[in-house]
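Undergrad:
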Amino acid sequence: MIGNGMGVVTGRTQVYAIPAIIDAITAIIGSICAIIDAITTRNDAIPQPGAWGSAPNHQFSPPQASSKA
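If you want it as C-alpha cells, here you go:
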C-alpha cells in the first residue's frame with residue numbers, strides 16, 4: 001500500500017488503508033461463512049436423526065420427517 005504512489009502524504013495513506021482493512025475483514029468473515037456453510041451442507045447430506053431439528057433439514061431427508069411426526 002505504501003508504494004502505490006499515494007504514499008507521499010501520510011494522511012492519504014491512512015485514508016486509503018481503511019478500505020483495505022475493511023476488505024480484509026469482509027474476506028475473513030466471508031471465509032468463516034463459507035466454512036460454516038460447508039459444515040452445515042455436509043451434515044444435511046449425511047442422514048442424522050434429529051441433527052438440527054429445523055424445518056429446512058426435512059427437505060433433505062423426507063423419511064426422517066415422516067418418522068418424527
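End of the sequence shown = 69 in the UniProt record's numbering, gap-free, step of one. Even for Gly, the Cβ is constructed at its ideal location relative to N, Cα and C. Keep in mind that this is a model prediction, so the values were computed, not measured.
1. Which of the three DSSP states, helix, strand or coil, is assigned to A38?
2. For a test of the three-state rule: what should DSSP assign to N57, helix, strand or coil?
3. Can you give me the C-alpha to C-alpha distance between A22 and I35, rounded to a whole angstrom?
4. Go through its chain and collect everything with a Cβ distance to I18's Cβ below 7 Å, but skip five positions before and after it.
TA: Per the coordinate set shown:
1. On the sequence shown, position 38 is the one that residue 38 refers to. Reduced to three states, the DSSP call for A38 is helix.
2. The residue given as residue 57 occupies position 57 in the sequence shown. For N57, the predicted model reports a pLDDT of 48, less than 50, meaning its position is unreliable; a value from the coordinates is still stated below. Here N57 carries a helix assignment [DSSP, helix/strand/coil].
3. Indexing the sequence shown from 1 puts residue 22 at position 22. Indexing the sequence shown from 1 puts residue 35 at position 35. For clarity, residue 22 is Ile in the given sequence; the question names Ala instead. Our two residues, I22 and I35, have alpha carbons roughly 20 Å apart in a direct line.
4. Taking the first residue of the sequence shown as 1, we reach residue 18 at position 18. Within the same chain, no Cβ atom closer than 7 Å to the Cβ of I18 is found once the five residues on either side in sequence are excluded.
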